[in-house]
Amino acid sequence: MTIQFYNTLTNKAEEFTPVNDDCVRMYSCGPTVYDFAHIGNFRSFLFSDVIRRTLEFFGHKVHHVMNITDVGHMTDDSSADGAGEDKMAAAAQRVKEDKKSGKVPEGAVENPEDPYQIADYYTKAFLEDAQTLGVKVAFEPENILKATDNIDIMQEMISQLISKGHAYVGPDGVVYYSVESFPDYGKLSGNTLENLQMGAGGRINETDQSNKRHPADFMLWKADSTHIMKWDSPWGAGYPGWHIECSCMARNRLGKDVIDIHTGGEDLIFPHHECEIAQSRGATGADTFAKFWMHARFLLVEGEKMSKSKGSFWTVRDVLEGRATGINVHPAVLRLELIKSHYRSNMNFTRKGLVDSANIVKRLTEFRTKLEAAANGEVAEVDLSHPILKEFGAALADDLNFSKALAVVLPWASSDPDNVAEALAVLNKINDVLAVAPLGDEKSGGGDDSEIVALCKAIDAARAAKDWATSDALRKQIESAGYEVKNSPEGTIAIKKLA
RNA sequence: GGGGCGGUAGCCAAGUGGCUAAGGCACCGGAUUGCAAAUCCGAUACGCGCGGGUUCGACUCCCGCUCGCCCCUCCA
């Protein structure tokens, strides 16, 4: 099976083959930890998880790493949004307020003035969310890289870039990357120096420009004694630029100058990934940094851009805990919702979509339950030549076509397979990629709620007495508590709704 | 203004230069049910943003238009 992935670098689907035989090396841009990650962030993180799982499905060993940006960047060297505020300072302010209102648990952040504690607080929250949603790399602490732990290798790379003529110290003391020293600048994004039409975004600060040799030159190190987080350096105490961390950590942790796949959200194509390429290739001298650049499109919420003012800037917690849609959502449902539409299309995150996904999760879960009961603990061995896996795999290999993959799985999941042990093995393989039925260690489904069980018993009693009015009223009561009420040979059962 | 991606039924979403345009949800009909739910069976796009072109034939290729999304130094 050849795997086709769409490569942003070439704007077309290409056959994927690993650079090195031992494993696939993959780097994903992770979160900034100045706030809780939202569902849009997680679409991108889950996208990288699904690439990894797909490669593993086809038998590749994958080394996947993700960064945590915790340096507390200013709004960079441009005063871009006019606020000019240190993000860590803003986060500190927010945490202080949340502490007062009790939103931050007792003891979670002792001192909001300490940026490391703030970063730590949001990093923990991110990892918790990522684990809840089944992002594999979140279970591998050695592959989660913090920018603040890697300042030394950033300084090394900056020195390399200066000595190779790719970087210079400006009259303002800031170390800049010289885009003119790198002819391929713009190849990834199409924003070549000719195309850039300087300042078209209207966010360039004139003062900063005068210190650069070319307006597109970007910052590698900024000496700034007022910055909250700062480190000593040959260029003065200050902090690294935004782009340098990924170049350094990818090379350092993955151990190669050329990696296989680099992922992120579509907004990172320019400038972030463009700059990473310039830095990495400038430092290593290789003609490639990442062979494949893969980007996930943004998601919309109810047909519109996520926006804080419309209250649609939902965090994972908001969705799972019912603040977004009014009903608690099972993590598997959110996971499926965020991975099921094609990563290169805008996805529209809706209440209705969640209900859709919940139905699919339920169907797959019930199919598993049925197979497990029939198989008596027996699971066969299957390989990818099994017809279902072959089709499922073909869809995945076609640039991660999850819609097509689900179109294979769903009709099969309502069938009655002759060989249940084999079917169970097939389902396991499918679930290694989807990870929704089940999603890791399930907490008990809520069937142990004694009040609900009592209501079910009362329904059975009412029905036995043909007291339909009572039975209907009780049913409504359970349903409004977020349960689905079913009849079964063993009597009435209530199952917590997934979304 | 420049670079990139996309517009398929009520909704989500595959797909192909030519048999009946996947799959899911919703809706409708049936089985089942005290009635429902769940489950099972069945039906459901005369059309693929608009206009033109190429072709024996296009939703699929080309051109123009239009609408939506991302980027053009905060952003997943």
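Per my numbering, the very first residue in the first sequence carries number 9; after that it's consecutive.
Glycine residues also receive a C-beta, built at the ideal position from the N, C-alpha and C atoms.
| task | Could you check if N203 is buried or exposed, using at least 16 other CB atoms within 10 Å of its CB as the buried criterion? | result | Exposed, by the Cβ-count rule.
| said: Quick check: the Cα distance between F53 and I486, rounded to an integer number of angstroms? | reply: The C-alpha of F53 lies about 36 Å from the C-alpha of I486.
| query | Are F13 and M302 close, meaning C-beta to C-beta below 9 Å? | reply | Yes, Cβ-Cβ distance for F13 and M302 is below 9 Å.
| field | A472 burial status per 10 Å Cβ neighbour count (16 or more: buried) | value | When all chains shown are included, A472 counts as exposed.
| said: Within a Cβ cutoff of 7 Å, which residues of the same chain sit near G173, ignoring the five residues on either side of it in sequence? | reply: Cβ within range, chain order: S189.
| said: Can you tell me where the alpha helix (DSSP H) holding D137 begins and where it ends? | reply: It spans P123 to T140 - the alpha helix (DSSP H) in which D137 sits, taken as one unbroken run.
| request: Could you please give the first and the last residue of the uninterrupted alpha helix (DSSP H) stretch that includes K465? | output: Taken as a continuous stretch (DSSP letters only), the alpha helix (DSSP H) holding K465 covers S458 to A472.
| Who does G48 pair with in a DSSP beta bridge? | Partner(s): none; G48 has no beta bridge.
| field | Rounded C-alpha distance that separates A340 from L506 | value | Going by the C-alpha atoms only, they are around 9 Å apart.
| query | Is it buried or exposed for S241, if we count other Cβ within 10 angstroms and need 16 for buried? | reply | Its Cβ being crowded by 16 or more others within 10 Å, S241 is buried.
| query | Do R359 and P446 have their C-beta atoms closer together than 9 Å? | reply | Between R359 and P446, the C-beta gap is not smaller than 9 Å, which leaves the two residues out of contact.
| Looking only at DSSP bridge pairs, what is E312 linked to? | Answer by DSSP bridge pairing, in chain order: V309.
| First and last residue of the beta strand (DSSP E) that includes R33? | It spans V32 to S36 - the beta strand (DSSP E) in which R33 sits, taken as one unbroken run.
| task | Rounded to whole angstroms, what's the CA-CA distance from E253 to S36? Just pull it up for me. | result | Spanning the alpha carbons of E253 and S36 requires a straight line of approximately 12 Å.
| query | What residue ranges within the region 204-285 form continuous beta strand (DSSP E) runs of no fewer than 3 residues, ordered along the chain? | reply | With a minimum length of 3 residues, the unbroken runs of beta strand (DSSP E) contained wholly in the region 204-285 fall at 226-231, 246-248 and 267-273.
| task | Leaving aside the five residues before and after G454 along the sequence, list all residues of the same chain whose C-beta is less than 6 Å from its C-beta, in chain order. | result | Because G454 sits at a pLDDT of 45, beneath the cut-off of 50, its placement in the model cannot be relied upon, and the point is left open.
| Under the three-state DSSP convention, the category G361 falls into | Correct three-state label for G361: helix.
| said: Just to confirm before moving on: does the CB-CB distance between L196 and M34 stay below 9 Å? | reply: M34 sits away from L196, with the two beta carbons spaced by 9 Å or more.
| request: Under 6 Å Cβ to Cβ from A528, same chain only, skipping five residues before and after it: list those, please. | output: The requested residue 528 does not occur in the structure, where the chain is confined to residues 9 to 507.
| task | Determine the contact status of F513 and I267, defining contact as a CB-CB distance below 9 Å. | result | What the structure shows of the chain is the stretch from 9 to 507, and residue 513 is not part of that stretch, so it cannot be assessed.
| Taking the DSSP output, what are the residues bridged to M74? | BP columns for M74 point to S36 and I152.
| said: Between which two residues does the beta strand (DSSP E) holding A175 run? | reply: A175 to V177 is the extent of the beta strand (DSSP E) around A175.
| field | Length of the line joining the Cα atoms of S496 and A502 | value | A straight-line Cα-Cα distance of about 10 Å links S496 and A502.
| task | Please state whether DSSP places D85 in a helix, a strand or coil. | result | Note on D85: pLDDT 37, under 50, position unreliable in the model; no value is reported.
| Per DSSP, cross-strand counterpart(s) of S197 | Its beta-bridge partners do not exist; DSSP assigns none.
| Alpha-carbon spacing of V295 relative to H68, whole angstroms | The residue you asked about is not Val; residue 295 is Asp in the sequence shown. Between D295 and H68, the alpha-carbon positions lie close to 25 Å from each other.
| message | I want to know whether the region 232-249 touches the region 72-82 - three or more CB-CB distances under 8 Å. | response | A contact exists between the region 232-249 and the region 72-82.
| field | Residues near K144 in its chain [Cβ-Cβ closer than 8 Å; skip 5 each side] | value | So the list reads D57, R60, R61 and H72, once near-sequence residues are dropped.
| For the putative contact between Y42 and M96, defined by C-beta atoms under 8 Å, what is the C-beta separation to the nearest angstrom? | Between Y42 and M96 the beta-carbon gap is near 6 Å, inside 8 Å, which marks them as a contact.
| said: Quick check on DSSP: helix, strand or coil for A21? | reply: Of the three classes helix, strand and coil, the one that applies to A21 here is strand, per DSSP.
| field | Own chain partners of Q168 with C-beta closer than 7 Å, once the 5 adjacent residues on each side are dropped | value | Here the set comprises A291.
| request: State the start and end residues of the unbroken alpha helix (DSSP H) segment that holds A298. | output: Per DSSP, A298 lies in no alpha helix (DSSP H) segment; the continuous beta strand (DSSP E) that holds it begins and ends at A298 to A304.
| query | By a C-beta neighbour count over all protein chains shown, 10 Å radius and 16 as the cutoff for buried, is E113 buried or exposed? | reply | Checking the displayed sequence, the identity of residue 113 turns out to be Pro instead of Glu. The residue is exposed, with fewer than 16 neighbouring Cβ atoms inside 10 Å.
| request: Specify, as a first and last residue, the run of the alpha helix (DSSP H) that T478 falls within. | output: W476 to S488 is the extent of the alpha helix (DSSP H) around T478.
| task | Could you name the residues of the same chain whose beta carbon sits closer than 6 Å to that of L392, not counting the 5 residues immediately before and after it, in chain order? | result | For L392, the CB contacts under 6 Å within the same chain, skipping 5 residues up- and downstream, are G401 in chain order.
| So is D89 buried or exposed if we call it buried at 16+ other beta carbons inside 10 Å? | Summary for D89: the model assigns pLDDT 34, below 50, so the residue's position carries little reliability, and this model does not support an answer.
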